[in-house]
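J.:
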Amino acid sequence: MKTIIYSEKHIGGLKLSNRLIVSPMQQNQGTPEAFATDYHVNHYGRLAGGAAMVMLESTGVSPNGRLFSNDIGIFTDEHVAPLKKVVEAVHAKNTPVFIQLTHGGRKSWKNGGSRLLAPSPIAYDDEYGIPEEMSLSNIRSEIDNFRLAAKRSLEAGFDGIEVHAAHGHLVHQFLSPLSNHRTDEYGGSPEKRIRFLRDILEAVRSEVGRDYPVLIRVSASDFTEGGLTPVDVAKISASVEPLIDAVDVSSGGLLPVNPAATPDGYQVPYASIIKQYVSIPIIAVGKIYTKELAEFILTDRLADFIAIGRPLLGNPEYIRSTFFASEVESVGVHSN
2 MKTIIYSEKH IGGLKLSNRL IVSPMQQNQG TPEAFATDYH VNHYGRLAGG AAMVMLESTG
62 VSPNGRLFSN DIGIFTDEHV APLKKVVEAV HAKNTPVFIQ LTHGGRKSWK NGGSRLLAPS
122 PIAYDDEYGI PEEMSLSNIR SEIDNFRLAA KRSLEAGFDG IEVHAAHGHL VHQFLSPLSN
182 HRTDEYGGSP EKRIRFLRDI LEAVRSEVGR DYPVLIRVSA SDFTEGGLTP VDVAKISASV
242 EPLIDAVDVS SGGLLPVNPA ATPDGYQVPY ASIIKQYVSI PIIAVGKIYT KELAEFILTD
302 RLADFIAIGR PLLGNPEYIR STFFASEVES VGVHSN
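So for the sequence shown, the working numbering puts the first residue at 2; every next one is plus one.
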């Protein structure tokens, strides 16, 4: 008997065959110039088939916003062809693939001395150091970099885009009052702190249109007094809902602090709060490793999709073996 895990659901205009998603996970296998390689073609090709969609790892929209020296990017036209090979490998398993667009801001790789940019000159920690406050010109430039990255994502054949607004990266830095002390149109109030994200989403939409799936990933808590709370992030999500098709709910990353405990499904309560504020699908992630827990979350409408990450690093067959062992024929899973 089929359960809700195997039911279809749309993200925007894209119908997904079940409720499971491969979560974005950094691989650190790119070239020094941030090109995807045969590693990525093989890696994502192995992960495809089973889950309804694969989300590519954080992909830099700007050379000064890379997270690592060996991550991947989409900040030149030359980055498109290698990424297209990754897309083709996933599509060969009849699986859609989305790309996660990222700028690290104050958590960027220093790139041999490149300046770190952030909404305010506040360090993440001593190792990263104090970033340079972004001018309005800097802000406009990075918004345009997201636009160009969206254009290239279409050219590479991706089926959707996730704007990374979580884990302490640049967009998250603008959203949180702990890292955004600006007093201009991009800071000083919750509405103004949202503007950078909204401007990015509008720029992305200008390239991809309204029918193309666009998501955001959010951190639902900063785990620090005075930082963002789940209700704050729910209101942010509602504010930009007309521009997005789903919310991918994670937590933390703005500061070098961790939650007191991380039991199975520990981020699901955050997802359920945000779900109360929006009408678009919610993706839950974080130690949801069993069929029983996933079924409970979906049946109780705490979230609409389940993203699974870490177990796949050690076992690319994890989703197929855990969730589809007895369902292969009924749902037509591609396991080759």
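Even for Gly, the Cβ is constructed at its ideal location relative to N, Cα and C. Predicted model only: the values in this text are computed from it and were never measured.
#1: Is the separation between the beta-carbon of glycine 169 and that of glycine 254 shorter than 8 Å?
#2: Around the Cβ of glycine 106, are there at least 16 other Cβ atoms within 10 angstroms (buried) or fewer (exposed)?
#3: Locate the beta strand (DSSP E) running through arginine 153, then write down its first and last residues.
#4: Any contact between the region 113 to 128 and the region 73 to 89? By contact I mean 3 or more CB pairs, one from each, below 8 Å.
#5: Contact check, isoleucine 283 vs lysine 276 under 8 Å by CB: the rounded distance?
#6: Flag this pair as touching only if the region 214 to 222 and the region 156 to 169 have three or more C-beta atom pairs under 8 Å; answer yes or no.
#7: For proline 317, collect the residues of the same chain with a Cβ closer than 7 Å to its Cβ; drop the 5 residues on either side in sequence, then sort them by chain order.
#8: Give me the DSSP bridge partner(s) of isoleucine 123.
#9: What ranges does the beta strand (DSSP E) occupy inside the region 295 to 319, keeping only unbroken runs of at least 3 residues that lie completely in it?
#10: Tell me the DSSP secondary structure of aspartate 265 in three-state form.
#11: Just to confirm my understanding: we take phenylalanine 159, look at its own chain, exclude 5 residues before and 5 after, and list those with CB closer than 7 Å. What are they?
#12: Glycine 130 to asparagine 43, Cα distance in whole Å?
#13: Could you give the distance in angstroms between the alpha-carbon of phenylalanine 325 and the alpha-carbon of valine 269?
#14: Would a C-beta distance cut-off of 8 Å place aspartate 305 and lysine 288 closer than the cut-off?
#15: Per DSSP, which residues does lysine 10 bridge with? Please list them.
#16: Terminal residues of the continuous alpha helix (DSSP H) containing glycine 46?
#17: In chain order, which continuous runs of the beta strand (DSSP E) of length 3 or greater are located wholly inside the region 47 to 127?
#18: Under a Cβ-count criterion, where at least 16 other Cβ atoms within 10 Å of its own Cβ denotes burial, should glycine 315 be classed as buried or exposed?
#19: Any chance you could list the beta strand (DSSP E) runs of at least 3 consecutive residues sitting entirely within the region 183 to 230, in chain order?
#20: Excluding the 5 residues preceding and the 5 following serine 331 in the sequence, name in chain order all residues of the same chain whose CB lies nearer than 8 Å to its CB.
#21: Under the rule that 16 or more other beta-carbon atoms within 10 Å means buried, what is arginine 20, buried or exposed?
#22: Going by the beta-carbon positions, is the gap between leucine 117 and methionine 135 smaller than 8 Å?
#23: Could you tell me the alpha carbon to alpha carbon distance between aspartate 246 and arginine 206, rounded to whole angstroms?
#24: What does the Cβ neighbour count give for leucine 137, buried or exposed, with the cut at 16 atoms within 10 Å?
#25: Name the DSSP beta bridge partners of aspartate 249, please?
#26: Tell me, please, which residues DSSP counts as bridged to glutamate 293.
T.: Short version:
#1: Here residue 169 is taken as the residue at index 168 of the sequence shown, counted from 1. Here residue 254 is taken as the residue at index 253 of the sequence shown, counted from 1. In this structure, glycine 254 lies closer than 8 Å to glycine 169 by Cβ.
#2: Within the sequence shown, the letter at position 105 stands for residue 106. That one is buried.
#3: As a working note, residue 153 is residue 152 in the sequence shown. It is not in any beta strand (DSSP E) - arginine 153 instead sits in the alpha helix (DSSP H) that spans 137 to 157.
#4: A contact between stretches requires three or more CB pairs, one per stretch, nearer than 8 Å, and the region 113 to 128 fails this requirement with the region 73 to 89.
#5: Taking the first residue of the sequence shown as 1, we reach residue 283 at position 282. Taking the first residue of the sequence shown as 1, we reach residue 276 at position 275. About 4 Å; that satisfies the 8 Å criterion.
#6: By the criterion of at least three beta-carbon pairs nearer than 8 Å, the region 214 to 222 is in contact with the region 156 to 169.
#7: The residue labelled residue 317 in the question sits at position 316 within the sequence shown. For proline 317, where only same-chain residues beyond five positions count, the Cβ hits under 7 Å are Arg47 and Leu48.
#8: In the sequence shown, residue 123 corresponds to position 122, counting from 1. DSSP output for isoleucine 123 lists no bridge partner at all.
#9: You should have 306 to 309.
#10: As a working mapping, residue 265 is identified with position 264 in the sequence shown. Here aspartate 265 sits in coil by DSSP.
#11: Position 158 of the sequence shown, counted from the first residue, corresponds to residue 159. Cβ contact annotation for phenylalanine 159 (same chain, cutoff 7 Å, sequence separation greater than five): Val88, Val98, Phe99 and Ile100, in chain order.
#12: Stepping through the sequence shown from its first residue, residue 130 is reached at position 129. Stepping through the sequence shown from its first residue, residue 43 is reached at position 42. Taking the straight line from one Cα to the other gives about 36 Å.
#13: Locating residue 325 in the sequence shown gives position 324, where the first residue counts as 1. Locating residue 269 in the sequence shown gives position 268, where the first residue counts as 1. Phenylalanine 325 and valine 269: Cα-Cα distance of roughly 22 Å.
#14: As a working mapping, residue 305 is identified with position 304 in the sequence shown. As a working mapping, residue 288 is identified with position 287 in the sequence shown. With contacts defined as CB atoms closer than 8 Å, aspartate 305 and lysine 288 fail to qualify as a contacting pair.
#15: Stepping through the sequence shown from its first residue, residue 10 is reached at position 9. Its beta-bridge partners are Leu17.
#16: As a working note, residue 46 is residue 45 in the sequence shown. Segment 39 to 48, the alpha helix (DSSP H) holding glycine 46.
#17: Within the region 47 to 127, the complete beta strand (DSSP E) segments at least 3 residues long are 54 to 61 and 98 to 103, listed from N- to C-terminus.
#18: Position 314 of the sequence shown, counted from the start, is the residue given in the question as residue 315. Under this definition glycine 315 is an exposed residue.
#19: Segments of the beta strand (DSSP E) lying fully in the region 183 to 230: 215 to 220.
#20: Residue numbering aside, residue 331 sits at position 330 when the sequence shown is read from its first letter. Because the pLDDT at serine 331 is just 39, under 50, the model does not fix this residue reliably, and the value given afterwards should be weighed accordingly. Lys3 and Tyr7, listed in sequence order.
#21: The residue labelled residue 20 in the question sits at position 19 within the sequence shown. Label assigned to arginine 20: buried.
#22: In the sequence shown, the residue the question calls residue 117 occupies position 116. In the sequence shown, the residue the question calls residue 135 occupies position 134. No, they are not a contact pair.
#23: For this step, residue 246 is matched to residue 245 along the sequence shown. For this step, residue 206 is matched to residue 205 along the sequence shown. Each residue's alpha carbon lies about 12 Å from the other.
#24: Counting from one through the sequence shown, the residue named residue 137 turns up at place 136. By the neighbour-count definition (other C-beta atoms within 10 Å, threshold 16), leucine 137 is an exposed residue.
#25: Start at 1 with the first residue of the sequence shown, and residue 249 comes out as number 248. For aspartate 249, which the question treats as bridged, DSSP gives the partners Arg218 and Ile284.
#26: What you label residue 293 is simply residue 292 of the sequence shown in a count that begins at 1. Note: glutamate 293 sits in no beta bridge, so no partner.
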